[in-house]
Each structure stands twice: as C-alpha cells, then as structure tokens.
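Peer 1: If you count the sequence shown from 1, position 356 lands on 356 in the UniProt record's numbering, and the numbers rise without skipping.
Okay, here's the structure, questions in a sec.
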Amino acid sequence: MHPMISLFPNKEIYGKKLLNGPNVEEKSYKKQFLEGSMFGSFSFIHLAHGKVEFDQTKSGKNMVEVAVIVELVAKLYDESFKQKQKISVGCITPYNAQVTAIQNKLGDTYKTREAAECGFYVKVGTVDEFQGCEEDVIIISTVTGVGFLAKRERANVALTRARNQRGIFETNPNYKNLSAINRNSRYNNGRSSSDFRIPLKPYQSGKFPITVRQKMTGIVDLLPKEYGYIIFTLAAYYFVNLYMQIQVGRARKKYNVLYPTLYATEADSKDYELFNCIQRGHQNSLESLPIFFVMMVVGGLKHPLICTGLGVAYTVARFFYFTGYSSGDPKGRLPIGGFNSLALMGLVIVNIWFGMSLVRE
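Written out as structure tokens, the structure is:
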C-alpha cells in the first residue's frame, strides 16, 4: 500500500502501528497511472453540483458522481490499453442504488477480450463486498458525503483497499469542514486535496477534464430534467420556421419570383413589394436563428425554466412578426412581433448571468 494511502487510516484507526514495506518507503517509489497531480496517490474530490436521489428502499444514488466515475474508468482503461499495463479498479460506495447505477453505465464495456488481454478489470460493490479485496486503484463514491466513514470498521475497509491510488468523491456542501480527512490529506504535491474542488457542470469542469465521451447517456444524466422543455421549445420553433418557408414558397409561385432571386423588383412582378414583405419576414427570423438556438441550448443548462419561458415568448412573437409583415404593411410586424427582441435580450442576459456564475466558481 502506498504510504500516502496508509497515512490516514494508520493514524486515525490503527494508532500508527502499521508499517509500510521498504520498497514503498523509497523516495523513488511512484506508481501513477494518469498524469497530473489530480491523479496522485490520494485525491479528495468535491463535486459542487451533485444531486442525490433516493429509491423506495431509501438507497441513494448520485448520477453526477456516476458520470465522473465512468469517465475516470475510461481514462484508466485507455492508459492500460496503450501501455499494455495491468490495472485493477475498484469502485466502492455505501449504497446499493449507486452500485446498480455505476454498473448500468459501465455495462459490458470492460468485459471484452481486449480488456482481458491488457489485464484491465473493474469491480463495483458496497463497502462490505470489498472485505478482503485489494485493487490497484480504488474510487470511493460517497453519494451524500463522507458521513458513512463515521463507523471505524467501514472506514477501515473503504480506505485501505487501494495499492496505489485512491480517490474519494463527495457532494457535501460543507466539504471544507470535513476536518478529519482534509487535515490529513496533503498528498498531492503538498496541496490540500480540497484544492481540487470540481465545480461540475453538464459539460464543464474545474481541474478535472471531464468529457463524458464514453456514452451519450453520461451527458443526459448530467442534464436537469427540466431541460426537456428546452428541447420542446426548439422543436416548436422548427415548425414555426417551416410554416414561414412554406409561405415564402407559395408566394414565389403566386408572384412568379424565381430562384435564386432573393428580393423581387418591379420587373419581376407587379406585386413585388408584397412578396418582399413575406420574404423579409422570414429572412429576418433566419438572421436571429443561430443566436436564439445557442442562447437556449447553453442558458438552458443552468436555467432551463427561465429560458423555456423566454423561448416560448420569442417563438410566439416571431410567428406574429412574420404574419404581420406578410400582410404587406411592414408596421404590422411590431404590435406583437416586436416582443421577440425583448425575449432574445432576456436570453442573452440569462447567459451572461450563467457565465458570471462559472467564472466566480
């Protein structure tokens, strides 16, 4: 066992009676599978946006922790495959629901012949299931915080299963006050493990480069459930835009304005002004379409309900903007359609607010 891993349990549980092997006490001893101080022998990692869900049996799961674990295991597998190095990984958690969630996300990915040939395997289980086991890398998913470590027997099992590397994920908002572990965790280049706080967003992180690329479901699990309303709103705008396209196409046939002419002249049609109003109503909507979609997709990650409300208002206003413009009187676009600018400005403000919250963290 790496001396940085044994330090805390040796002091707090065994009363400094444990002795490390002479090989691991040498200054030259180092076995680190992933580059970066983040992946040293011991990492205490706070996930700022973890959300705990409980099932009918009161067993908890934290899908943010699950997503991070899936990505970390993927990185370890890539390294094992590339270096042809045997790596055994253990994922320990106090909750059966979390065990099931992690196993479901990992699936059979690491039960292939390629994984067996490079000596890579993953075991997921509760603290009790890891009695007597030892793996190269141990990942502890606390789900709700490190409270389960209050029992010395369980703490002993969880904290002493790793040969080389151990990482603890927790979501307790008072992580800075987790005194016992944090006080004794200055292992990563002399830095407190609490320095590695991860302000996890659906696809943004602090010092831990999470890409969640192994499975699309990993990304979906990180999205707030209200994000579905964002998708519905964008789908609704598609149909509004389709309606505009159909009306422009009909106008081209009616007023005999052929492609690729964008705006007609008197030489093209005697009703060229009416056609141009219809065309301009659609064209104006297309000009704002990219920024509308970007503001919805990004802002909705943090404030899905606010962005949905603004998005619906924008979509409705855009419909009346077009129908008012299509009447042939440009002023007809403004009474209701003019509110699209306010809705879009609201989306921009929400995104600026979102950006500022990321910078502050």
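C-beta: ideal position from N, C-alpha, C; glycine also.
1) Mind the definition here: the region 127–142 touches the region 58–77 only if three or more C-beta pairs lie below 8 angstroms; say whether that holds.
2) Using a Cβ-Cβ cut-off of 6 angstroms (strictly less than) and excluding sequence neighbours within five positions of S80, which residues of its own chain qualify?
3) For the alpha helix (DSSP H) holding D78, just list the boundary residues, first then last.
4) Measuring straight from C-alpha to C-alpha, what distance separates Q85 and T109?
5) Give me, in chain order, the residues of the same chain whose beta-carbon lies closer than 8 angstroms to that of D55; leave out the 5 immediate sequence neighbours on both sides.
6) Given this structure, state the Cα-to-Cα distance separating T261 from T323, to the nearest angstrom.
7) Please report the distance separating the alpha-carbon of A235 from that of K58.
8) Measuring CB atoms only, is the region 225–244 touching the region 256–276, in the sense that at least three cross pairs come out at less than 8 angstroms?
9) Since I believe Y321 is in contact with G337 (beta carbons under 8 angstroms), could you give me their beta-carbon distance rounded to a whole number of angstroms?
10) With distances taken from CA atoms, which of V64, C91, R113 is nearest D128?
11) Whose C-beta lies closer than 8 angstroms to the C-beta of H303 among residues of the same chain, with five residues either side of it excluded?
12) Reducing DSSP to helix, strand and coil, say where C118 ends up.
13) Answer yes or no: do G300 and R333 have a C-beta to C-beta separation smaller than 8 angstroms?
14) Using only alpha-carbon positions, find the residue among E53, T126, K17, D78 that is nearest to F33.
15) What's the C-alpha gap between F292 and N340?
16) Between S288 and L344, is the Cβ-Cβ spacing less than 8 angstroms?
17) Check whether the Cβ atoms of C307 and L347 lie closer than 8 angstroms to each other.
18) Using DSSP's beta-bridge definition, name the partner residues of C91.
19) So is V124 buried or exposed if we call it buried at 16+ other beta carbons inside 10 Å?
20) Look at the Cβ atom of S326, then the Cβ atom of C277, and state whether they are nearer than 8 angstroms.
21) What's the call for V359, buried or exposed, on a 16-neighbour Cβ count within 10 Å?
22) Along the chain, where does the alpha helix (DSSP H) containing V52 start, and where does it finish?
23) With DSSP run on the structure shown, which of helix, strand or coil describes F354?
24) In the DSSP assignment, the alpha helix (DSSP H) including Q32 goes from what residue to what residue?
25) List the endpoints of the continuous alpha helix (DSSP H) containing Y243.
26) Can you tell me the Cα-Cα spacing of P335 and F319, whole angstroms?
27) Please say whether Y263 and Q279 have beta carbons closer to each other than 8 angstroms?
28) Would you tell me roughly how many angstroms separate the C-alpha atoms of F130 and Y95, rounded to the nearest one?
29) Going by DSSP, what residue range makes up the alpha helix (DSSP H) through F292?
30) So, with DSSP's three-state summary, where would you put I336?
31) Distance check for E135 and R83, CA to CA, integer angstroms please.
32) Could you give the residue range of the alpha helix (DSSP H) that holds T100?
33) How many Å lie between K51 and V248 at the Cα?
34) To the nearest angstrom, how far is it from the Cα of T93 to the Cα of L310?
Peer 2: A quick look at the data gives this:
1) yes
2) I87, C118, F120
3) 63–83
4) 18 angstroms
5) K61, A97
6) 22 angstroms
7) 37 angstroms
8) no
9) 3 angstroms
10) C91
11) V350, W353, F354
12) coil
13) no
14) D78
15) 10 angstroms
16) yes
17) yes
18) V124, I139
19) buried
20) yes
21) exposed
22) From DSSP, V52 is part of no alpha helix (DSSP H) but of the beta strand (DSSP E) over 52–54.
23) helix
24) Where Q32 is concerned, there is no enclosing alpha helix (DSSP H), given that its DSSP letter is neither H nor E.
25) 227–255
26) 12 angstroms
27) yes
28) 13 angstroms
29) 272–302
30) coil
31) The sequence given here places Gln at residue 83; Arg does not occur at that position. About 18 angstroms.
32) 96–106
33) 48 angstroms
34) 41 angstroms
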